[in-house]
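Q: In the numbering used here, the protein residues as written are 53 to 931.
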Amino acid sequence: MKFFHDLDAILQYEPATQITEEDANGRCLATLSQSTASETTEGKMSVTLEDKEDISGNPLLLVSHIRPMELGNSTSIMEPPNNPTFIPTIANEGGKHWTVPEVRALIGIWSDINIQQQLEGTVRNKRIFEQIAAKLQKSGIERDWKQCRTKYKNLKHEYKTVRMAQDQGITKSMKFFTELDAILGYNKREKSQEHEFQDEEQATRCANVKTEEKQSVIAGDEAEDDFVSDISEDLRDRDVKQSPGTGNYIPLEDAKNHLQIVTVSDTEAGKHWCDNEVRALIHIWSDEKIKQMLERATRNKEIFEEIARRLMQFGIDRDWKQCRTKYKNLKYEYRVLQKKNGNPQRKMRFYEEVDCILRGPTLRTAKWKHELFEGHTKNPRTSSMKRKAHEDGPVSVSLKKTVPEIIANTFPQGVTERKDSTECFYRQKTPYMIQLHQSLASPGASPAPSPRGIMATAEVLNIGKKLYEGKTKEVYELLDSPGKVLLQSKDQITAGNAARKNHLEGKAAISNKTTSCIFQLLKEAGIKTAFTRMCGETAFIAPKCEMIPIEWVCRRIATGSFLKRNPGVKEGYKFYPPKVELFFKDDANNDPQWSEEQLIAAKFCFAGLVIGQTEVDIMSHATQAIFEILEKSWLPQNCTLVDMKIEFGVDVTTKEIVLADVIDNDSWRLWPSGDRSQQKDKQSYRDLKEVTPEGLQMVKKNFEWVAERVELLLKSESQCRVVVLMGSTSDLSHCEKIQKACGNFGIPCELRVTSAHKGPDETLRIKAEYEGDGIPTVFVAVAGRSNGLGPVMSGNTAYPVISCPPLTPDWGAQDVWSSLRLPSGLGCSTILSPEGSAQFAAQIFGLNNHLVWAKLRASILNTWISLKQADKKIRKGNL
53 MKFFHDLDAI LQYEPATQIT EEDANGRCLA TLSQSTASET TEGKMSVTLE DKEDISGNPL
113 LLVSHIRPME LGNSTSIMEP PNNPTFIPTI ANEGGKHWTV PEVRALIGIW SDINIQQQLE
173 GTVRNKRIFE QIAAKLQKSG IERDWKQCRT KYKNLKHEYK TVRMAQDQGI TKSMKFFTEL
233 DAILGYNKRE KSQEHEFQDE EQATRCANVK TEEKQSVIAG DEAEDDFVSD ISEDLRDRDV
293 KQSPGTGNYI PLEDAKNHLQ IVTVSDTEAG KHWCDNEVRA LIHIWSDEKI KQMLERATRN
353 KEIFEEIARR LMQFGIDRDW KQCRTKYKNL KYEYRVLQKK NGNPQRKMRF YEEVDCILRG
413 PTLRTAKWKH ELFEGHTKNP RTSSMKRKAH EDGPVSVSLK KTVPEIIANT FPQGVTERKD
473 STECFYRQKT PYMIQLHQSL ASPGASPAPS PRGIMATAEV LNIGKKLYEG KTKEVYELLD
533 SPGKVLLQSK DQITAGNAAR KNHLEGKAAI SNKTTSCIFQ LLKEAGIKTA FTRMCGETAF
593 IAPKCEMIPI EWVCRRIATG SFLKRNPGVK EGYKFYPPKV ELFFKDDANN DPQWSEEQLI
653 AAKFCFAGLV IGQTEVDIMS HATQAIFEIL EKSWLPQNCT LVDMKIEFGV DVTTKEIVLA
713 DVIDNDSWRL WPSGDRSQQK DKQSYRDLKE VTPEGLQMVK KNFEWVAERV ELLLKSESQC
773 RVVVLMGSTS DLSHCEKIQK ACGNFGIPCE LRVTSAHKGP DETLRIKAEY EGDGIPTVFV
833 AVAGRSNGLG PVMSGNTAYP VISCPPLTPD WGAQDVWSSL RLPSGLGCST ILSPEGSAQF
893 AAQIFGLNNH LVWAKLRASI LNTWISLKQA DKKIRKGNL
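So this is what it looks like as structure tokens:
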């Protein structure tokens, strides 16, 4: 090569890497030439390794531009070492060499027991090193937090290297060894099997080399992400501490010490996954359909979007990337431990749950948990259970634990003394938890977990005082969640302002399920609701609101009390649009009807918001929109929503008017097939001349019928799809706007490239491809200059075609005519806005898809509300 001798004179002593082959994951493997030189520079070290990291002999190495330091006896510069070690730089933030007094000052601060505890007990430690830097500054030493962190890591790594060498009988030394041994020695000597997983950990870190390239590990780079290097070295360095016989359950206080393996870039993680979140993810993963899709699919974004949506039903807000990252990490950690002999399940959290999924396809997480509790309850002192393994090899788990141990390990936060009924509330159904507690005192008792007890969790909610108690529900404050409350339903049914009141077993769960599904439907559509997530079978968590004491009633069909108040109107009269009425909540006066003027004149003020004309108009329009959404949603079930009552509140945090309280089977009249005689709502209870057990059972069956079908409202049997055809890739940005807007309406959108001018046969072949699968489709043609794509598609398909040309300022006025002036027989519409074309497609699909229609209706409402609020602000002069 040219300039070989010149370069050789410079680089002949530098370490060299050689790219060999690719591994199974497509990663390039690098090997180091044995002619690499080492250099001794006592007291200078600007690089560091991860704790417990031994990279000797590992082919996956990131070569540093800094030569490694060999501790102990120095070697000749031309003499190749036996095991050359190359240290990847994490950060060269030192700036300038640390003098001996500076290092002594740093160690002195480090020796403070409070600093040690903070370094050992936290994951993100930027603030700790800022504190250390401040203390150094008081001593006259100017070092920033990054420099302190780098020196801290380097000292730790050097100490470990020397300590390991000394333990093996090799003579090595370092400066400040005695001082560091006083700090770190007590902790490190107690550890055994320290490098049991070093090979796997090194492979994991090297798998992340590509993703970490963007995190600027070079010295002084301001773009360095703190979440990469802020993780406490002490946490990475700890082993899992587990007492014999505890199986796979790890106390919560030790969870942070667990082995952490990251196989993909965790930049999407946002925050650490808690145990309950992981259990929820594993439960969803155990679903047979999800497992099959994950095994078959290569591009699995849609699958993880579905997983994220299901997690949201548990009140867990994770996006699809976070779910995919955690899924890969669990799989990788499991595979790593499978390669090891002994008892791998003792080294990984949730090992048995993942093992049931990956090795035992017939075992489901919930079922295994059920068997676990069942086995222990039968013999709480010496019972054991063996889990059948798959063909991969026999794996038996002996679980000799008492029931208190099971609960203490499975529910680390759940074993608390309940001083009164309002101190804590378990996320699962109360009777189930009572059975678990009863098993402590009654060895023969056998718990019967509810089928809906999906996860073996018992999330403890710190309940404060009771804020409100009504006829069918109670509201409690949540001490750990400011601005949130818990709405607990009762097994009680009432009529006529509680003039008739009966206990109805199971009604709390039925009403809670109905309310949660309805609120979830409205929330996804875009209606502002006081609903966060379902919490067990009989309660849900919601934002704290100050309730407006008005019942808003919306009617499509005249019936009930309306006929009494309006003599002469026949039952069945239909209102177009729906009729909105309001009633003041006053049990003493039998909830009198109010006018809007009365409500405005009352000058109510809730959470600092005065109820005036604007607020009344917002609630009135929202009532009508909510009724229309639910009416449209019940139509596919062949049910007529006759009327409905709702309530609003003011969110104490956002000061916004939101749909609050509940919407259950007490809140509406529902007639299957439009037949009043088949009514399934609470009217069947009101119509009972005498309340009997048989009559209550009939009412309960009606409520259960509604609760079963309300889940179907969250889905649509009608499929839909938008296919965007672009003339060339230069129109891609325009098409992506259409795709994004379609996503806002929940409509799948595909992008294709074809030219009707240059390849009409291919254009028509693509058209035939989408016509043949039977999915209702709207074609959007995006072609600049002369638009032949839209007219050609419109003339050759019965499907709707929209032209959305990407017009430019120079020729746009001329080009648009190719989309507007069309021959006879063509019905190709033209919409210039990308968002507008997506909305038009949504309006087409909304005719048969209630979910799409709901999003459109909510969008109209939100636009109207924003204009109304803007008008109010500008009238007050504070826009």
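By construction, the Cβ of each residue, glycine as well, lies at the ideal position given by its N, Cα and C atoms.
All of these numbers come straight from a predicted model, not from anything done at the bench.
1. In this structure, does DSSP put K198 in helix, strand or coil?
2. What residues are listed by DSSP as bridge partners for L346?
3. Using only the alpha-carbon positions, how far apart do F181 and T706 sit?
4. Roughly how many angstroms lie between the CA atoms of Q168 and L207, to the nearest whole one?
5. What do you get for S647, buried or exposed, if any count of 16 or more other CB atoms within 10 angstroms of its CB means buried?
6. Please classify D695 as buried or exposed, where buried requires at least 16 neighbouring CB atoms within 10 angstroms.
7. Leaving out five residues before and five after V214 in sequence, what residues of the same chain have Cβ atoms less than 7 Å from its Cβ?
8. Going by DSSP, name the residue or residues bridged to F700.
9. Return yes when the Cβ of W604 is within less than 8 Å of the Cβ of K752, no when it is not.
10. Which residues in the same chain have their Cβ closer than 7 Å to the Cβ of Q665, if we skip the five residues on either side of it in sequence?
11. Just verifying my parser: in three-state terms, what is the DSSP assignment at C880?
12. Between the Cα of A712 and those of N690, H555, N554 and F700, spot the shortest distance and give me the residue it belongs to.
13. Roughly how many angstroms lie between the CA atoms of R165 and A217, to the nearest whole one?
14. Using a Cβ-Cβ cutoff of less than 6 Å, which residues in the same chain neighbour A793 once the five nearest sequence positions on both sides are dropped?
15. List the whole-angstrom C-beta distance separating Q827 from V904, where the pair is believed to meet the contact cut-off of C-beta under 8 Å.
16. Where V776 and D727 are concerned, what is the direct C-alpha to C-alpha distance, given to the nearest angstrom?
17. Between L539 and L513, is the Cβ-Cβ spacing less than 8 Å?
18. Going by beta-carbon coordinates alone, are I600 and F656 separated by less than 8 Å?
19. With H, G and I counted as helix, E and B as strand and the rest as coil, what does DSSP make of D813?
20. Taking 8 Å as the threshold (C-beta atoms), are T546 and T565 in contact?
21. Let me know the secondary structure DSSP gives F945 once reduced to three states.
22. Check each candidate in N381, I355 and N839 and name the one with the smallest Cα separation from D339.
23. Tell me whether I142 sits in a helix, a strand or coil according to DSSP, three-state version.
24. Beta carbon of C606, beta carbon of T675: below 8 Å?
25. Does the count of Cβ pairs from the stretch 624-631 and the stretch 737-748 closer than 8 Å reach three?
26. Work out the CA separation of E210 and I184 for me, nearest whole Å.
27. Just how far apart, CA to CA, sit S768 and G516?
28. For H555, is the classification buried or exposed, using 16 other Cβ atoms within 10 angstroms of its Cβ as the cut-off for buried?
29. Quick check: the stretch 894-910 against the stretch 919-931, are there 3 or more CB pairs under 8 Å?
30. Work out the CA separation of R362 and E30 for me, nearest whole Å.
31. Consult DSSP for R773 and reduce its assignment to one of helix, strand or coil.
32. I need the straight-line Cα distance from F366 to G237, nearest angstrom please.
33. Please go through the same chain and pick out, in chain order, the residues whose beta-carbon is closer than 7 Å to the beta-carbon of G879, but skip the five residues on each side of it.
34. Would the C-beta of P630 count as close to the ligand NAP, meaning under 7 Å from any of its heavy atoms?
35. Taking the alpha carbon of S870 as the point to measure from, which residue in A906, T849, Y204 and G840 has its own alpha carbon closest?
36. On the CB-based measure, 16 or more other CB atoms within 10 Å of its CB, does C856 come out buried or exposed?
A: In terms of the structure at hand:
1. helix
2. Answer is none; L346 lacks a bridge partner.
3. 36 Å
4. 14 Å
5. exposed
6. buried
7. L123, K224, S225, M226 and F229
8. L711
9. no
10. I652
11. coil
12. F700
13. The residue asked about is misnamed: residue 165 is Ile in this sequence, not Arg. Cα to Cα, the separation comes out at about 27 Å.
14. E887 and A890
15. Residue identity differs from the one stated: residue 827 is Ile in this sequence, not Gln. Their Cβ separation, rounded to whole angstroms, is 14 Å, which puts I827 and V904 out of contact at 8 Å.
16. 44 Å
17. no
18. yes
19. helix
20. It should be noted that the sequence gives Lys, not Thr, for residue 565. Taking 8 Å as the Cβ cut-off, K565 and T546 do not qualify as a contacting pair.
21. Only positions 53 to 931 of the chain appear in the structure, and residue 945 is not among them; the question remains open.
22. I355
23. Residue confidence for I142 is low, a pLDDT of 40 falling below 50, so the modelled location carries little weight; the figure read from the coordinates is stated next. Correct three-state label for I142: coil.
24. yes
25. no
26. 20 Å
27. 40 Å
28. exposed
29. no
30. There is simply no residue 30 to check, as the chain begins at 53 and stops at 931 in what is shown.
31. strand
32. 45 Å
33. S846
34. Ligands in the displayed structure: none, and consequently the ligand NAP is not present.
35. G840
36. buried
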